[in-house]
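Protein chains in written order, with the numbering used here: chain A, 1 to 812; chain B, 1001 to 1812.
Glycine included, C-beta positions come from ideal geometry on N, C-alpha and C.
The model shown is predicted, which means the values in this text are computed figures rather than measured ones.
Taking it in order: structure first as structure tokens, then the write-up.
2 protein chains.
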Amino acid sequence: MKNNQFAIEPVDRTTELKELRATHFIDDSIDQLDDPIAVWQELLHKTVLEAKSQTVFKQKLNNYLATPEMTLGDFLDSQQALTNDIFYRVAMQLLEFDVDIDFKLDNPIEAMKQIKLPIVGEPIKTKSDLLHAWYLLLCTHTKKGQTYLDKLAQAGYFVSFYATTTKPLFFNGKAQAVFDPHQLIRDVVYVEAPLDTDEDGKRDLLKVEILRAKQTADDYRAPVLYTASPYNQGINDEAGSAAMHNVDVPLEPKEPNQLTYADVHYQETPKKLPAKRKIAGEQQEADETFAMESPYTLNDYFLTRGFAVVYAAGIGTKDSDGIRDTGAVSETVSTIAVIEWLAGNRTAFTNKTDNIEIKASWSNGKIAMTGRSYLGTLAVAAATTGVDGLKTVVSEAAISSWYDYYRDGGLVAAPDTFQGEDMDVLATEVFSRMQKPGDYLKIKDFFDQVLQTMTKDQDRQTGNYSHYWDERNYVNNVKNIKADMIMVHGLNDWNVKPRNVGNLWNALRDAPITKKLILHQGQHIYVNGFRSLDFTDMMNLWFSHELFGLDNHAEDLLPDVLIQGNVQPETWTSYEDWQAPTDQKQVFNFEAKELVPETVPVRTAAASFSDHLDPEVFDFYKKHLNVWERDLLTTNHDTKGENQLRDNRLIFKTSRYDHDTYIDGCAQLKIRVAVNEPFGMLSFQLVDYGDAKRLTVSPTILAGKSLSGAYDWRRDNLREFTLQKEATPWKMITKGHINLQNRHNAYQVDELKANDFYDLTVDLQPTFYHLLAGHQLGLVVYATDFATTVRGNQELQYSLQINQCKITLPIK
Amino acid sequence: MKNNQFAIEPVDRTTELKELRATHFIDDSIDQLDDPIAVWQELLHKTVLEAKSQTVFKQKLNNYLATPEMTLGDFLDSQQALTNDIFYRVAMQLLEFDVDIDFKLDNPIEAMKQIKLPIVGEPIKTKSDLLHAWYLLLCTHTKKGQTYLDKLAQAGYFVSFYATTTKPLFFNGKAQAVFDPHQLIRDVVYVEAPLDTDEDGKRDLLKVEILRAKQTADDYRAPVLYTASPYNQGINDEAGSAAMHNVDVPLEPKEPNQLTYADVHYQETPKKLPAKRKIAGEQQEADETFAMESPYTLNDYFLTRGFAVVYAAGIGTKDSDGIRDTGAVSETVSTIAVIEWLAGNRTAFTNKTDNIEIKASWSNGKIAMTGRSYLGTLAVAAATTGVDGLKTVVSEAAISSWYDYYRDGGLVAAPDTFQGEDMDVLATEVFSRMQKPGDYLKIKDFFDQVLQTMTKDQDRQTGNYSHYWDERNYVNNVKNIKADMIMVHGLNDWNVKPRNVGNLWNALRDAPITKKLILHQGQHIYVNGFRSLDFTDMMNLWFSHELFGLDNHAEDLLPDVLIQGNVQPETWTSYEDWQAPTDQKQVFNFEAKELVPETVPVRTAAASFSDHLDPEVFDFYKKHLNVWERDLLTTNHDTKGENQLRDNRLIFKTSRYDHDTYIDGCAQLKIRVAVNEPFGMLSFQLVDYGDAKRLTVSPTILAGKSLSGAYDWRRDNLREFTLQKEATPWKMITKGHINLQNRHNAYQVDELKANDFYDLTVDLQPTFYHLLAGHQLGLVVYATDFATTVRGNQELQYSLQINQCKITLPIK
């Protein structure tokens, strides 16, 4: 394995000693000792938490080897001198590394270097040296993907702190688990949003679920991790499924227009709002509680560390008022109303009728937003308002523009595995007011009406960018962002496609905030609980810095851009930028079945492909998208049987690369194309061709329910991308789509005459890809994307003017 | 959905009232009321646990509809009369069923009948009627697969009971969550087993982890759920993988013998044991504790209900002594030593050196064993000793004879997905003493030696049944079983194959104990947390009966044989027996590509197939077992491309069945076969041919982390087999294998001359299968099973004398 820790704060020896004392590793018993071995033994004694007797402690010590032949218990009794070799041999065992598998008994230090575990360089000779080494050990990750100190926390180290905890305890720049998770206060309040989306003449009240340490009932003021999740009050699965759109419809010609951006630019029209409710009184204690929130495991980790956690589903969800219009400004206003309340700038009530105010007096007014996908999207949306109190956003797999979620290049383009979904379907799914019939009765008709408007406005007919989509493009408002931003995204996320984070990153490049980017090899997943990366520690360093104001240098310690490699598991590399404008370019011309260097003259004039399939084959592919994808990317001569897509796409390949290459950003295509009808579309996939054992698509569970970060607390799985057992012949790197009538942009519709050639430029989704020497880069050109576009199975024939086509790759 | 509840105990009204009072549903406030509506309102008040004010209570009531137009809050204020229709309309909402999806507002009772939710038939007119209906409602499952009372428990209903709990609280025959899970006592003790498997001259000490309610420190005596899991102290994944056997080896001729069962029958030879340790004192409190056990979620559920839970990994695991010889008598002795201690019949110590005894004084001496796979196997093994204190065993997917796990019909036959694994590999994997280098140092050489013996004794060369395997056949000792047995097995479990439970069930058919059987449609899985079956309630009823001695009629209420149907999701049917000797028989003769009724004369004399493949194809199948399975079962004329197995197996099919048929037990084959070498094997798969949407192979998660069964406690996923989205053309029902030299049985080796025909009889693995009218039953005859047998790719040619072959199906 490879350890990658970015959240270890280098501190001076004085600070180390102070923190060791604050965490009770140093105490009177240690003060009385001078011999480093005696100190070590005492530290071990404090940390072998299962031992309640001296005998059991000895028994446990003898489970470890101090030398290849002598147990730790025997060594400690032997009067022999401590060496770094001995300290780290034991350390490797404490850190749960396995002899002969992870390290050789005769050279633990060498293994630690290989695994990238931090070690002290100087000889461990004095008490002071020992304490220094112990401090670093506490910060070091075990084989099970957590710091040794967190492992101790799980074993109960901090339980004895609970009774006297009045404020957070920091160690190495990170808050520790000194708050009892089973004494949490669980409140529900109703925030009055400056909205009346259900048009009932009253401002919308939004249900907010709060978990906070019991110390907040006294003087402790907690920072807040706030997750806005439209899903967390329930999802209307069945209603959502029923609302799915049929995608087996023809692509149709669009009426040309001359729209400019000004024509589609969204500008807010102020709406008249009902007056605020008249406050009838104030109350300290909540009227309502809750038992089973829908938690995010990262938040759980911080609940025991002095952070409050707040969940709100927002307008149109169970127990809240309003109607949710997916991605609209009203949704964002709903999201930030909670922040405004947490920061003391908005009113909440104890219930929905009595108008009794309840203040977030327990909040320190510093808020971070967390969550993935729609949850992360709302966090990004909130950041773009510049709302006070929002100090930072950790957005994972977030949408930055809804057009980039459901549309692409003037086409309806579904997120992966959600063919037929759209804004209105999502709105139906999260309208959890539906689940409470007494409430639904009042709102049903109005909701149906809003839904109809949504269906119209999203405009599946043209797939064009419009006013509607411009309102839902958060990148427009990046200039308002005051919160520091951490963006996390999967390079293989074809649900929320990489363009979403790519555009956000580009827009933020010169913004006067701290911004960090983490790109991993996953699809649409969370990355806490991964063995190879101290993501949770990084977030702890970050939140301690941003929300507690701790001067722990998080802004310098966390890499600006951190990218997981796609070749070796557990490889993370820091970079200064992603898709930097200064990248070099590699250009290939198209040739028959080949991509050739720009300097090579092209001999082939044209190539063509059909988009039509035998109806039986067409039906089969619709039901077996994996087979479709396989046939699409498998070069004809590699296919043993019949490849039914043989004539339905063109594959161009480079020769084998003679050196490793890193693609960094958007591959750009210049294409000259004609089609036999006055409408058409093109799809592209950039593919790594070459037999290799690649990373697993989904993380492997290395140890189930092994991570809790606190004693007797919720557990999470330890996960990691591992190498697949078998080599695969190719891997799709990135893709793109375009409607041939949107050659300029997604709102201007261009004329398209049947059989005339047109030039167009397409940027594929941004990526970062390590292409190995010996592999070939391939470009697959096709039209209907069974997983993404409409599927009309029309009699379309596409022709490419090969000598006018090019691909440009940005190279790091 | 379909609800299937077997654990509702019908009780009289007096008992209902007593239990409603004991659980505080009836109290002074209810006593003062007479009007059923007022009583209902008060009960709702007690159960809307999130409401801490009257306003919030009203707000929540108005989330429900009492009539299609009137909310519950308004109804309660309206003075209108209560009707069953209104009560059950609200009940359906309380039970989280969705309007229009699960029921129509105008007829909730009809929907409840459809879903099989229990309802009171009589009009709900009086307070007494209302309390009766409420009692039944508390016992009824929600859409989320738990009783309404358990839903309330999750919401915190029983938290106020914690402080005064001194004994279990039963409701409707089942223990309730009145014990605080965060106040558990966690002890480690070391049981002295009557074994010295590591031959160090001292009896083996076994680490035992105990979780018990804090009330057991006072007078409360808890029954015990004991899970013996060789895995729970860690698994040596890497060492296990390295120890895997190569299966790409040729099948070889075996020397004929004339062995009888007497020759292979295992009889224990008494071994001299070291003396017991001299007890040096006694202690009440444990010397050692633990923080993170490896839990079984079913046990978690019972921890809050007054049951103690005990985990022990046994000999050869981390912190224990000894060496584990997979399946040996010593392993069983190790397993039951813990029971003996729990029942007061064996000594445990506080640690491994001081000889201070610690008694299980907190135990009521009544023990159940739980767990799946190897865990369930040890439970079965323990039961066959007749050990005192073991009242019942719930064995899930348990091995009943290790020969039936790693061997079949004189062949090495791997469990599904574990090609190359064997007894020695498993022993390596669970030898977690390896993970503590200080301890491992002492034992390594001896372990390696034992491993060598194991490798020899398991005898991969012949695959024959022997003394070695007879020791590991628990069915031999079924007559000793005193504990009541609940057996749970997947009909699609090709890891621990159905023969294991089949033989156990047959052996127990006339045993004077209570025995129950649950056969589900899963593979090798747990079935708690399924929506369609109240498995957890059934276990609660059962354990309350067996371990608390509650007279709740569990033995009558739980079906003797409960089988999940393979056609419709969520269908469970009770039967009197499985593979009953009285079943009818259906016999088919073989014909060219057909199975024809016995009465039809056969025209074809012979058919043959090769077992050899082009090496490239052979290698491909080894790496793509799914493709191999697909090609194996796909009839030649259905294949569009080339089917590489076209000549490597024979497929015989019946005509389409004209009525639904239930296969119940072992299909038996009579085959006359010749092979061109003096060795050979045959494999068989019985297949349902017919396009149908079948159940998912693995359960679908319906609601993640939604089940905890107690407030602020560990959560489990709600799961269910659902229909696959697409129809499939076939499904394998059952299979079997035989070495042609084991025509009589698995220990006697018969002569085999090349090219001579021999008769043999093969029982396929027992099954229960609902074959739909319109489908065909198919039998696939082949030799090398890529997923199971050795894979020599030898030049073997098999011939069947068709007119001497038959298949006999037991039909329910």
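Residue environment analysis places Ile1399(B) among the buried positions, since at least 16 neighbouring C-beta atoms fall within 10 angstroms of its C-beta.
Within chain A, Asn63, Tyr64, Leu65, Gln93, Val99, Leu105 have C-beta atoms less than 8 Å from the C-beta of Pro1437(B), given in sequence order. DSSP assignment within the region 633-703 of chain A yields the following whole beta strand (DSSP E) runs of 3 residues or more, N-terminal first: 650-653, 661-665, 668-675, 681-692. In the three-state DSSP reduction, Gln765(A) falls in the coil class, being neither helix nor strand. Bounds of any beta strand (DSSP E) do not take in Thr1071(B), whose DSSP letter is neither H nor E. Between the beta-carbon of Asp424(A) and that of Leu451(A) there is about 6 Å, and that keeps the pair under the 8 Å contact cut.
Proximity of the region 1193-1205 of chain B to the region 1157-1176 of chain B falls short of the contact definition, fewer than three beta-carbon pairs being nearer than 8 Å. Taking the Cα of Trp572(A) as reference, the smallest distance to any Cα among Phe768(A), Val188(A), Gln461(A) is reached at Phe768(A).
Annotated as proximal: Thr335(A) and Ala382(A), with beta-carbon spacing under 8 Å. Cβ-Cβ distances below 7 Å link His1770(B) to Gly1565, Asn1566, Val1567, Asp1660, Tyr1662 in the same chain, with the five nearest sequence neighbours on each side left out; the list follows chain order. The contact set of Asn1351(B) on chain A, defined by CB atoms closer than 8 Å, consists of Ser53, Thr55, Val56, Gln59 in chain order. Beta-carbon to beta-carbon, Asp1560(B) and Leu1517(B) are separated by about 7 Å, close enough to satisfy the 8 Å threshold.
Gln1804(B) carries a helical assignment under DSSP once its states are collapsed to helix, strand and coil. Thr1023(B) is the residue among Glu1720(B), Thr1023(B), Leu1136(B) whose C-alpha sits nearest the C-alpha of Tyr1157(B).
For Phe757(A), same chain residues with a beta-carbon under 7 Å away, outside a window of 5 residues either side, are Arg672, Val673, Ala674, Gln801 in chain order.
Taking a C-beta cut-off of 7 Å against chain A, the contacting residues of the region 1702-1715 of chain B are Tyr1711, Asp1712, listed in chain order. Of all residues in the region 718-738 of chain A, only Glu726 place a beta-carbon less than 7 Å from a beta-carbon of chain B. For the options Val1178(B), Val1208(B), Ala1091(B), the alpha carbon positioned closest to that of Val1120(B) is the one of Ala1091(B). One thing to note: Lys735(A) has its Cβ within 8 Å of the Cβ of Phe684(A). DSSP links Lys1515(B) through a beta bridge to Met1485(B). The beta-carbon of Glu1238(B) is placed less than 8 Å from the nearest beta-carbon of chain A. Annotation: Met292(A) is outside any beta strand (DSSP E) and is labelled neither H nor E by DSSP. Using a CB distance cut-off of 8 Å, Gly156(A) counts as an interface residue toward chain B.
In the three-state DSSP reduction, Gln776(A) falls in the strand class (E or B). For Lys1593(B), the secondary structure class from DSSP, reduced to helix, strand or coil, is coil. Contiguous alpha helix (DSSP H) elements confined to the region 47-117 of chain A occur at 54-61, 72-77, 84-94, 108-115, taking only those with 4 or more residues. Beyond the five residues adjoining it in sequence on each side, Leu1752(B) comes within less than 8 Å, by CB distance, of Pro1253, Val1675, Pro1678, Phe1679, Gly1680, Leu1740, Gln1741, Tyr1758 in the same chain, given in chain order. Contact between Ile1315(B) and Ser1330(B) holds: their C-beta atoms lie close to 7 Å from each other, under 8 Å. Per DSSP, reduced to three states, the secondary structure at Pro1810(B) is strand. Residue contact check for Glu50(A) against chain B: a CB pair falls below 8 Å.
Among the residues facing chain A, Leu1072(B) is included, as its CB has a counterpart in that chain under 8 Å away. The Cβ of Phe1290(B) sits closer than 8 Å to at least one Cβ of chain A. With contact defined as three or more Cβ pairs closer than 8 Å, the region 1221-1239 of chain B and the region 1313-1327 of chain B are in contact. Our two residues, Pro123(A) and Gly1371(B), have alpha carbons roughly 50 Å apart in a direct line. Ala413(A) sits close to His737(A), with the two beta carbons spaced by under 8 Å.
Using a Cβ-Cβ cut-off of 8 Å, Ala1286(B) counts as an interface residue toward chain A, since at least one Cβ of chain A sits closer than that to its own.
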